[in-house]
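Asker: Residue numbering for the sequence shown is 590 to 1117, as defined by our numbering.
Don't be surprised by glycine CBs; every beta carbon is placed ideally from N, CA and C.
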Amino acid sequence: MCSSPPVKRSELRKNPLGLAYAGDVGMRYLRGKKRSTISMITFIAVAGVALGVAALLSVLSITTGFQEEFRNKVLGVNAHVLVMKYGRDFDEYRDVIATSEEMPEVAGAAPFLIVQMMIANGDRLASVLIKGVDPERMPNVLTLPEQIAEGSLEGLRMDDAAPPSHPLDTGGGSDDWQWLDDYVQSAEGGASEPAATEPDELEPIDTFEALPEVEVASPEAVENLLNGVEEAWDDDDWGDDDWDDAVDAEAETESAEDTESLPGIVVGRTLAESLEIEVGGRVRLISPLSGIDLSMVSSEVRAPESRDYRVIAIFEAGFQEYDSRLVYTDLYEAQRFVAHGDSVTGVEMRVHDLDTSREVARSLERNLGGGYNTMDWAELNQNLFTALKIQKMVLAFVIATIIFVAAFNVIATLIMIVLEKKREIAILKAMGARDGAVLWIFALQGTVIGLIGTLIGLLVGGIVVAALSQYGFPLDPKVYLIDHLPVVFDPLVFVLTAIIAFCICAVATIAPSLWAARMIPVDGLRQE
590 MCSSPPVKRS
600 ELRKNPLGLA
610 YAGDVGMRYL
620 RGKKRSTISM
630 ITFIAVAGVA
640 LGVAALLSVL
650 SITTGFQEEF
660 RNKVLGVNAH
670 VLVMKYGRDF
680 DEYRDVIATS
690 EEMPEVAGAA
700 PFLIVQMMIA
710 NGDRLASVLI
720 KGVDPERMPN
730 VLTLPEQIAE
740 GSLEGLRMDD
750 AAPPSHPLDT
760 GGGSDDWQWL
770 DDYVQSAEGG
780 ASEPAATEPD
790 ELEPIDTFEA
800 LPEVEVASPE
810 AVENLLNGVE
820 EAWDDDDWGD
830 DDWDDAVDAE
840 AETESAEDTE
850 SLPGIVVGRT
860 LAESLEIEVG
870 GRVRLISPLS
880 GIDLSMVSSE
890 VRAPESRDYR
900 VIAIFEAGFQ
910 EYDSRLVYTD
920 LYEAQRFVAH
930 GDSVTGVEMR
940 VHDLDTSREV
950 ARSLERNLGG
960 GYNTMDWAEL
970 NQNLFTALKI
980 QKMVLAFVIA
990 TIIFVAAFNV
1000 IATLIMIVLE
1010 KKREIAILKA
1020 MGARDGAVLW
1030 IFALQGTVIG
1040 LIGTLIGLLV
1050 GGIVVAALSQ
1060 YGFPLDPKVY
1070 LIDHLPVVFD
1080 PLVFVLTAII
1090 AFCICAVATI
1100 APSLWAARMI
1110 PVDGLRQE
């Protein structure tokens, strides 16, 4: 029994290519013997294409999400373009800011200072990067104000804050280096050193409250004084508990009074949780290298320098590396702490169009002349984004193999149909059907399989992407640096994936369709 549709010879003569009836025959061949159901082999081919398209869309959406998430997190803490100087002293940063703001592409510029330190809260300690920023210029460059989870940036810069003078600047202006001015003036005869108090001028004291205030004393005077303190201690009958209580009470009083007058500091969410830091609390920054003489001139090792700060805000950038290691403070306070004068690490700026950041960096480097190094955000994080790009390409290629496997399913489906319909093909060609018409019959079947599979894959992939985006699949921030699975719905990715999948399926139909079109009628009827 022949399952092919009845075809009149007159119709073949009117339409030699047979596109009209070829389309009808091709759609009939997609069905099994029962026309109400699709054949199993056709269903498998369609399912393979749909699975490949859905999987590829999901992977591309996730990898694109990682790229954009990392880019947004990086740009939230770092600006689009950075300018740094070869060397240590970068005290002409105001001129660099003025030059950059003259460029129409630049939206804002601000100085910054980066230094590695330790932060302590009680007995808890962590290594951090201190970033000194200008509170007035920083909002035009960074998105820190939008990342504040607790507290506010008010109080980051104190009312009487001013840039410190250079350590070797003896022209006055900074109380931190007044000792250097006094020393120079003394060496030049402009001032005399204070005379040391002689030993006989310090008499032993009778009571602890009578402890005198002595600024400078010789060793003999200090020894005589300590002997008097020891006797006063015994006479007043102070115990260890009394002394501890007095110290604790004094510390609490000083802490309550002095915390409000401390300079402000902003810490990350993860760091605050690990060190149990709260807004309004008091933390200490420690410079571990301040007590080391790198010049090896002196063998004396001094205690590391430290300063107390008041936590005014906690930020949450959503990037584990920043939330656990980055700390913001006022630029002037950071400069005074590192004792390098009014010098910065560099100048960071934001441009109106992110895609022009590299051109702006190159143009600014030419305008500033030699001695400066400019780089855009992509160069600054080149390793990270290169790794993400390679990962995206590799994953896309691996998942795309599913579509290629589905294309082989299409080829296998058409070959099986050709083998099953050899007699019908022979009859059609004997009635006058040309090779092009027969080719179109089977090519249409392959393209329909690819089209249906692609549409189903688009639907399934869209549902998966929407579900992942809505659910916010949690991730371990210690491993992935972010706390949720980033998913981005990009219509362009969906369109390109659909076009590529359909083209692969269409190309896969060429080989079996050509084989059917070149079949000789007698070969199809040889076994009949």
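Locate the beta strand (DSSP E) running through Arg1023, then write down its first and last residues.
Answerer: Run containing Arg1023: none; DSSP gives neither H nor E here.
Asker: From Leu1070 to Val900, what does the alpha carbon distance come to, in whole angstroms?
Answerer: Those two C-alpha atoms are separated by around 24 Å.
Asker: Assign Gln736 to one of two classes, buried (16 or more other C-beta atoms within 10 Å of its C-beta) or exposed (fewer than that).
Answerer: Its Cβ being crowded by 16 or more others within 10 Å, Gln736 is buried.
Asker: Do Asp965 and Val670 count as a contact pair if the criterion is CB distance below 8 Å?
Answerer: Cβ distance < 8 Å, so Val670 and Asp965 count as in contact.
Asker: For Ala696, which option in Ala687, Ile1089, Phe908 and Ile875 has the closest C-alpha, if you only look at C-alpha atoms?
Answerer: That would be Ala687, whose Cα lies nearest to the Cα of Ala696.
Asker: If you reduce the DSSP assignment to three classes, tell me which class Lys1018 lands in.
Answerer: Lys1018: helix per DSSP, three-state reduction.
Asker: By DSSP, does Met707 sit in helix, in strand, or in coil?
Answerer: In the structure shown, Met707 sits in a strand (DSSP, three-state: E or B).
Asker: Give me the Cα-Cα distance between Pro700 and Cys1094, rounded to the nearest whole angstrom.
Answerer: Going from the Cα of Pro700 to the Cα of Cys1094 covers about 56 Å.
Asker: Go to Ile1088, then tell me how far its alpha helix (DSSP H) extends in each direction, as first and last residue.
Answerer: First-last of the alpha helix (DSSP H) with Ile1088: Pro1080 to Ala1097.
Asker: Tell me, which residues are paired with Val722 by DSSP?
Answerer: Paired residue(s): Phe701 and Asp919.
Asker: When DSSP labels each residue in this structure, what does Thr732 get in the three-state scheme?
Answerer: Thr732: coil per DSSP, three-state reduction.
Asker: Determine, using beta carbons only, whether Cys1092 comes closer than 8 Å to chain C.
Answerer: The displayed structure is made up of one protein chain only, and chain C is not part of it.
Asker: Ile903 by DSSP, collapsed to three states: which one?
Answerer: Three-state DSSP puts Ile903 in a strand.
Asker: Keeping to the same chain, check which residues put their C-beta closer than 6 Å to that of Val949; ignore five residues upstream and five downstream.
Answerer: Correct list, in chain order: Val670, Glu694 and Val940.
Asker: Using the rule of at least 16 other Cβ atoms within 10 Å of the residue's Cβ for burial, across every protein chain shown, is Asp919 buried or exposed?
Answerer: By the neighbour-count rule (16 or more Cβ atoms within 10 Å), Asp919 is buried.
Asker: Should Asn667 and Glu937 be called a contact, given that it needs their Cβ atoms to be closer than 8 Å?
Answerer: A contact, by the Cβ cut-off of 8 Å.
Asker: Taking the continuous beta strand (DSSP E) assigned at Glu681, which residues delimit it?
Answerer: That residue, Glu681, is in no beta strand (DSSP E); it is neither H nor E in DSSP.
Asker: Tell me the residue span of the beta strand (DSSP E) that contains Leu874.
Answerer: Residues Arg871 to Ser876.
Asker: Identify which residue in Asp897, Ser716, Thr732 and Val1076 has its Cα closest to the Cα of Gly1061.
Answerer: That would be Val1076, whose Cα lies nearest to the Cα of Gly1061.
Asker: Could you check where the beta strand (DSSP E) with Gly740 kicks off and where it finishes?
Answerer: From DSSP, the beta strand (DSSP E) with Gly740 extends over Ile737 to Gly740.
Asker: Which term fits Glu843, buried or exposed, when burial requires 16 or more other beta carbons within 10 angstroms of its beta carbon?
Answerer: Bear in mind that the predicted position of Glu843 carries a pLDDT of just 49, short of 50, making it unreliable; the figure below should be weighed with that in mind. Answer is exposed; the Cβ neighbour count stays below 16.
Asker: Between which two residues does the beta strand (DSSP E) carrying Val936 extend?
Answerer: From DSSP, the beta strand (DSSP E) with Val936 extends over Gly935 to Val940.
Asker: Do you know offhand how far Lys1018's Cα is from Ala634's?
Answerer: Between Lys1018 and Ala634, the C-alpha separation is close to 28 Å.
Asker: Quick check: the Cα distance between Ser996 and Met1005, rounded to an integer number of angstroms?
Answerer: Note on residue identity: the sequence assigns Ala, not Ser, to residue 996. Distance between the alpha carbons of Ala996 and Met1005: 14 Å.
Asker: If we call anything under 8 Å between Cβ atoms a contact, is Leu718 one with Val916?
Answerer: Yes; because the gap between Cβ atoms is below 8 Å, this pair is in contact.
Asker: Reducing DSSP to helix, strand and coil, say where Ala861 ends up.
Answerer: Three-state DSSP puts Ala861 in a helix.
Asker: Gln656: which of Thr1002, Glu865, Phe908 and Thr631 sits nearest, CA to CA?
Answerer: Minimum Cα distance to Gln656 is reached at Phe908.
Asker: Report the three-state DSSP secondary structure of Pro788 (helix, strand or coil).
Answerer: Here the model assigns Pro788 a pLDDT of 42, short of 50, so the residue's position is not dependable and the matter cannot be decided.
Asker: For Ser741, does the count of other Cβ atoms within 10 angstroms reach 16, so buried, or fall short, so exposed?
Answerer: Result: exposed.
Asker: May I have the straight-line CA-CA distance separating Lys1010 from Gly1050, to the nearest angstrom?
Answerer: If you take the alpha carbons of Lys1010 and Gly1050, they lie about 35 Å apart.
Asker: Would a C-beta distance cut-off of 8 Å place Leu953 and Thr963 closer than the cut-off?
Answerer: It is a contact, given that the beta carbons lie within the stated cut-off.
Asker: Grouping DSSP H, G and I as helix and E and B as strand, with all else coil, what is Lys662?
Answerer: Three-state result, Lys662: helix.
Asker: Put Leu671 into one of helix, strand or coil per three-state DSSP.
Answerer: Looking at Leu671 - three-state DSSP - the assignment turns out to be strand.
Asker: Leaving out the 5 sequence neighbours to the left and right, which residues in its chain are closer than 7 Å to Pro1066 when beta-carbon positions are compared?
Answerer: Once the five neighbours on either side are set aside, the close Cβ partners of Pro1066 are Gln909 and Asp1072.
Asker: Rounded to whole angstroms, what's the CA-CA distance from Leu649 to Leu1040? Just pull it up for me.
Answerer: Distance between the alpha carbons of Leu649 and Leu1040 is about 20 Å.
Asker: Which whole-angstrom value is the C-beta distance of Thr1098 and Phe1031, which I expect to be below 8 Å?
Answerer: Indeed, because the Cβ distance is near 7 Å, the residues count as touching under 8 Å.
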